[in-house]
Ligand code: NOJ
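Numbering (the numbering used here), first residue to last: 850 to 1305.
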């Protein structure tokens, strides 16, 4: 860190962020719930993906699956009480589409919907504001068989699903996030094939991006039709893109990567159109745009969620102009299990980037977190690197606020260890340790740190 990058970490209090600042935690349905085929739930693309090719080339490196995960489905009351006990006042979680509509459309599974109703009530009873993410990657497999996000009809299915959820929960839930990280599930699922549904198809990828963008707008309007005074937003992973130098081809690479990672989602929703001409992949979207889309894609978000883990380096290459890569940790720099170098200032850059659009009334850090191995010793988990990580990141949120960026909340990923997608259970992000054999929970030192901090 240079002198400029240094912020006083030690005298920070939660109250410095203001009394209305939202302190929360985040999680998602497939990663924690388990009960993968219980009470009428349909299969999601993740249920199918994790079991695919298990004995040949595994889709999950460790051959683990999320069938049981943290068993939140049966233990939600205890888990929600633990979140409240740490002092948080907001709980961001997602609803599983195939638990509610087993085939994605048509018949509603009442038991699935009732489960989320109980989860909402349990949050409220614990004085935790529920923040619902409608889609955190577990698409009904039945819809994947119709083309998934590549099929434009998904916009209608998504509107139907949103309507069912908003009608049931909208009397108690005011805060709604349409999507979790479109970049991750569109690129991971349709361009790189590393995530469900495991497809590699650049044009199909851009179709998925365009349909997701349309769903942002449709979803927001369906929520507003059903929920009085709804607070509607979405979340994006923001990994500030750095050029490798000041030469024009290096700047072009940076612009191209930034267009591919961030602008193809944000710009059309904000009425700015797609950033054409910067990346040949982005330009593939043209063939999927229909008359009227430019207008129908615009959203008036109440807030935008920034999810920050690392910055990006843009590598100049011929034809594609630039490809993204994660910077390697420098000597002496800490990095987490996903090899993300700890760079707290990048969080500030991501907030600054979103604010540069000049359109967002509220920016919330809807995810930020650190993965380690973590073991329980004498009933304690000494995750001091995570404590350090948090203590290094949240001051940059305060600095952003002091610099006039309207940041109104911070949600740590995740309240407990869970199923880290294609990486299985090994990367542990939680404030609460989960033993995936016994399913015992143990609050880590980072959880204890938060409890102290939030009490101040
Ligand atoms: C992004 C995703 O939203 C979440 O599902 C994932 O577990 C974390 N970040 C950590 O990689």
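Don't be surprised by glycine CBs; every beta carbon is placed ideally from N, CA and C. Computed from a predicted model, the values in this text were never measured in an experiment.
| Query | Result |
| --- | --- |
| beta-carbon residue 877 near the ligand NOJ non-hydrogen atom, thresh 6 Å | yes |
| Top-ranked residue by Cα proximity to residue 1003, from 953, 923, 982, 964 | 953 |
| Candidates 1024, 1178, 962, 923: closest to residue 890 by CA position | 962 |
| Nearest-angstrom Cβ-Cβ length linking residue 1034 and residue 950, presumed shorter than 8 Å | Rounded, the Cβ-Cβ distance is 18 Å, inconsistent with contact. |
| C-alpha distance - residue 1234 paired with residue 917, whole-angstrom precision | 28 Å |
| Any non-hydrogen atom of the ligand NOJ closer than 6 Å to residue 1262 Cβ | yes |
| Sequence-distant residues of the same chain with beta carbon closer than 6 Å to residue 1162, five excluded per side | 1091, 1174, 1176 |
| Distance cut-off 6 Å: residue 1029 Cβ against heavy atoms of the ligand NOJ | yes |
| N-terminal and C-terminal residue of the alpha helix (DSSP H) that residue 1011 is part of | 1003-1018 |
| Three-way DSSP call (helix, strand, coil) for residue 1277 in this model | strand |
| Within 7 Å, strictly: CB atoms of residue 1027 and residue 973 | no |
| Integer-rounded CB distance, given that residue 871 should sit under 8 Å from residue 930 | Not quite, the Cβ-Cβ distance comes to about 19 Å (not below 8 Å), so this is no contact. |
| Contact the stretch 1295-1305 vs the stretch 1236-1245: 3+ CB pairs below 8 Å | yes |
| 8 Å contact criterion, which residue 1259 and residue 1214 should meet: CB distance rounded | 5 Å |
| Cβ neighbour criterion (16 or more within 10 Å) applied to residue 1315 | The displayed coordinates of the chain run from 850 to 1305. Any statement about residue 1315 would go beyond what the structure contains. |
| Test item: CB-CB of residue 1015 and residue 977 under 7 Å | no |
| Collapsed DSSP secondary structure at residue 1182 in the structure displayed | coil |
| Assumed close pair residue 1062, residue 1114 - CB separation to whole angstroms, cut-off 8 Å | 6 Å |
| Residue closest to residue 994, alpha-carbon to alpha-carbon, out of 894, 1141, 1293 | 894 |
| Residue 958 classed as buried or exposed, judged by whether at least 16 other C-beta atoms fall within 10 angstroms | buried |
| Residue 1103, buried or exposed, once every other Cβ within 10 Å from all chains shown has been counted against 16 | buried |
| Alpha carbon of residue 1293 to alpha carbon of residue 1205, nearest angstrom | 37 Å |
| Cβ-based burial, residue 1309 [other Cβ within 10 Å; buried from 16] | Residue 1309 lies beyond the range of the chain shown here (850 to 1305); nothing can be said about it. |
| Residue 1132 versus residue 1142 - alpha carbon distance | 16 Å |
| Paired residues, beta bridge with residue 1260 - DSSP | 873 |
| Host beta strand (DSSP E) of residue 978 (start-end) | 978-984 |
| Three-pair Cβ contact test at 8 Å for the stretch 873-893 versus the stretch 1258-1277 | yes |
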